[in-house]
Amino acid sequence: MYRCLNGNDLSNTKIISTIFKNNHAQNGGAIYYNSHNNEIKIINSKFIENKAEYFGGAIFTLLDIKNIISNIENTSIEYNRAYIGGAIYTKNDNNKNNNSNINNNKNELYNNISFTNNNYEPHNHNFAESHGNNFASSPYKVKLITPFSVANVTSGEAYPLEFILIDELDQTFVDKFNYHLNLNLIIKEDNSDGEFQNDIKLVGNSCHFSDGIK
96 MYRCLNGNDL SNTKIISTIF KNNHAQNGGA IYYNSHNNEI KIINSKFIEN KAEYFGGAIF
156 TLLDIKNIIS NIENTSIEYN RAYIGGAIYT KNDNNKNNNS NINNNKNELY NNISFTNNNY
216 EPHNHNFAES HGNNFASSPY KVKLITPFSV ANVTSGEAYP LEFILIDELD QTFVDKFNYH
276 LNLNLIIKED NSDGEFQNDI KLVGNSCHFS DGIK
């Protein structure tokens, strides 16, 4: 069976006591919801054995994590699978909230939604080939893992830095098959302590990540 619900025409929709089972699609095995603004409410429902080839075994959405948390209640998501985000994948391009509390998001997410995640074997729970067996988002930010200190760099000289690419739940964004092949990393000068001059230019911000590491 193909995906049950698709598109951005699901605004103000309530799904109550519904079972989504054995659906499949490229993205969002059961539900593909491509709207930032309108919300869909899911209550007392089940998502079982749905599959997506790429993102979101059960649900693919453009809503941010807070909207997902507040609009899914008493719902179980079991035995779904995808490349990234075995149960739910959110591609929230408009997320500017760099101060969101990741731990609170995780706790609220797992309070509202029941996931089957007893082990990490395919077919026994929600499973993602890359990462995020239960939940994953699009790339969110990077963490610098190179020990940092003030360095003297000659003009035109490369300075190697290593980063980890993570999603909104602080999971390493692995992406083994390179669906997100090229990312632009924006680096800005911090002159808050007045130690540096204003004639600094940073170039070369195209990055290639392998297993989540640049």
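Start counting at 1 in the sequence shown, then tack on 95, and there's your number in my numbering. Even for Gly, the Cβ is constructed at its ideal location relative to N, Cα and C.
| query | result |
| --- | --- |
| In DSSP terms, what Asn122 is bridged to | Phe150 |
| Terminal residues of the beta strand (DSSP E) in which Ile179 lies | 176–179 |
| Beta carbon of Ala153 nearer than 7 Å to that of Ala120 | no |
| CA-to-CA distance, Glu148 to Ile164, given in whole angstroms | 24 Å |
| Secondary structure of Ser225, DSSP reduced to three states | strand |
| Cβ separation of Glu144 and Lys116, assumed to be a contact under 8 Å, to the nearest whole Å | 6 Å |
| For Ser165, three-class secondary structure by DSSP | helix |
| Contacting residues, own chain, Cβ-Cβ under 6 Å from Asn192 (five flanking each side not counted) | Confidence at Asn192 is low in this model, with a pLDDT of 44, below 50, so its placement is unreliable and the value that follows should be read with caution. The answer is none, since no qualifying residue turns up. |
| Straight-line Cα distance separating Gly151 from Asn175 | 9 Å |
| Cβ-Cβ separation, Ile208 to Ile167 (assumed contact under 8 Å), whole Å | 6 Å |
| Beta-carbon separation (whole angstroms), Phe155 vs Tyr184, contact threshold 8 Å | 5 Å |
| Cutoff 8 Å; reference Gly227; Cβ partners in own chain excluding five residues on either side | Ile179, Gly180, Gly181, Tyr184, Asp262, Leu264, Gln266 |
| The beta strand (DSSP E) enclosing Lys238, as first and last residue numbers | 236–239 |
| Spatial neighbours of Asn122 in its chain, beta-carbon cut-off 7 Å, leaving aside the 5 residues before and after | Ala147, Tyr149, Phe150, Gly151, Phe155 |
| For Ile111, the residue or residues it bridges with in DSSP | Ile138 |
| Close beta carbons around Ile114, own chain, < 6 Å, minus the five adjacent residues each side | Lys141 |
| Close Cβ partners of Ala231 (< 6 Å) along its chain, the five nearest in sequence each way excluded | Ile179, Gly180, Tyr184, Asp262 |
| Under 7 Å between C-beta atoms of Lys186 and Ser233 | yes |
| Cα-Cα separation between Ser225 and Glu252, rounded to whole angstroms | 35 Å |
| Assigned exposure category for Ala177 - 16 Cβ within 10 Å defines buried | buried |
| Between the CA atoms of Phe222 and Tyr215 - distance to the nearest angstrom | For Tyr215, the predicted model reports a pLDDT of 38, less than 50, meaning its position is unreliable and no value from the coordinates is stated. |
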